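Asks: One structure, pasted below without further comment.
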Amino acid sequence: MSTTTLDRLRELLEPVVSTLGVDLEEVSLTPAGKRRVLRVMVAADGGVDLDKVAEVSRAVSDVLDPSDVLGSLPYLLEVTTPGVDRPLTLERHWRRAADRLVLVHLHDGGTVTGRIGASDAEGVELDVDGTPRRLTWDEVAKAVVQVEFNRKSKDSAATAETEEDDEDDEDTGVEHDTDADDTMDEEA
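Set out below in structure tokens:
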């Protein structure tokens with residue numbers, strides 16, 4: 001597919017998805033038999049829920065149908081969000097992945113694994129085994145978030161602690177007669 005078609009698609013779709021509060025991350029067009037598959041990838045700070053994906057899909061379809069960008073061949077529209085294995089390539093990707101574990105391949109051939117902290121136009125702060133490390137974007141060749149199956153988030157850990165404290169102080173509304181327990185033992 002020609003780059004000009006993808007450029008025209010991006011130019012057409014970017015303002016549409018932007019008005020819905022999401023970023024257009026990627027547009028791809030691939031042949032699939034007698035039709036083509038148009039994949040539109042969107043993301044937003046705080047994530048994109050299924051209702052928002054459906055809203056974006058309707059808006060994109062409403063703009064594409066009367067347009068001549070795709071010509072007369074039929075197409076299948078897929079609106080999706082980035083997967084966990086998608087490389088972090090822009091500062092906003094790093095910002096959205098804050099507090100996640102990341103494997104960074106450096107241009108000098110080394111690798112760094114750390115938890116993502118603050119990021120800005122110059123680079124990112126990582127927590128590497130409790131030690132802060134600053135990387136500039138020029139140092140980063142490739143970075144991918146690592147999947148963690150049993151890590152509790154800070155919020156869930158704090159919630160669990162609060163619930164444990166509440167359980168100790170909780171008044172269930174049921175009176176417990178300690179003498180009744182003693183009586184049971186005496187009868188036995």
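If you read the sequence shown in full-length UniProt numbering, its first letter stands for residue 1, the second for the next number, and so on.
Every residue gets a Cβ at the ideal spot worked out from N, C-alpha and C, and that includes glycine.
Nothing here was measured: the structure is a model prediction, and the numbers come from that model.
Is it right to say glycine 71 is buried, meaning 16 or more other beta carbons lie within 10 angstroms of its own, or is it exposed?
Replies: exposed
Asks: Are at least three pairs of beta-carbons, each pair with one atom in the region 85-92 and one in the region 61-77, less than 8 Å apart?
Replies: no
Asks: Assign alanine 97 to one of three DSSP states: helix, strand, or coil.
Replies: coil
Asks: For the alpha helix (DSSP H) that lysine 142 lies in, which residues bound it at each end?
Replies: From DSSP, lysine 142 is part of no alpha helix (DSSP H) but of the beta strand (DSSP E) over 140-145.
Asks: So which of Leu106, Val145 and His107 has the shortest CA-CA distance to glycine 117?
Replies: Answer by Cα proximity: Val145.
Asks: Quick one: is serine 61 buried, meaning 16 or more other Cβ sit within 10 Å of its Cβ, or exposed?
Replies: exposed
Asks: Beta carbon of arginine 39, beta carbon of glutamate 78: below 8 Å?
Replies: yes
Asks: Quick one, which of Ala97, Thr136 and Arg96 has its alpha-carbon nearest glycine 123's?
Replies: Among Ala97, Thr136 and Arg96, the Cα nearest to that of glycine 123 is on Thr136.
Asks: Going by DSSP in three states, valine 112 sits in which element: helix, strand or coil?
Replies: strand
Asks: Please report how far the alpha carbon of arginine 151 lies from the alpha carbon of leucine 103, in whole angstroms.
Replies: 16 Å
Asks: Who are the Cβ neighbours of arginine 35 in its own chain at under 7 Å, not counting the five residues just before and after it?
Replies: Excluding residues up to 5 positions away in sequence, Leu73, Pro74, Tyr75 and Leu76 lie with their Cβ nearer than 7 Å to the Cβ of arginine 35 in the same chain.
Asks: Taking aspartate 127 as part of the beta strand (DSSP E), name the residues at either end of that continuous run.
Replies: 123-128
Asks: Is alanine 98 buried or exposed, if buried means 16 or more other CB atoms sit within 10 Å of its CB?
Replies: exposed
Asks: By how many angstroms is the C-alpha of arginine 86 removed from the C-alpha of proline 31?
Replies: 22 Å
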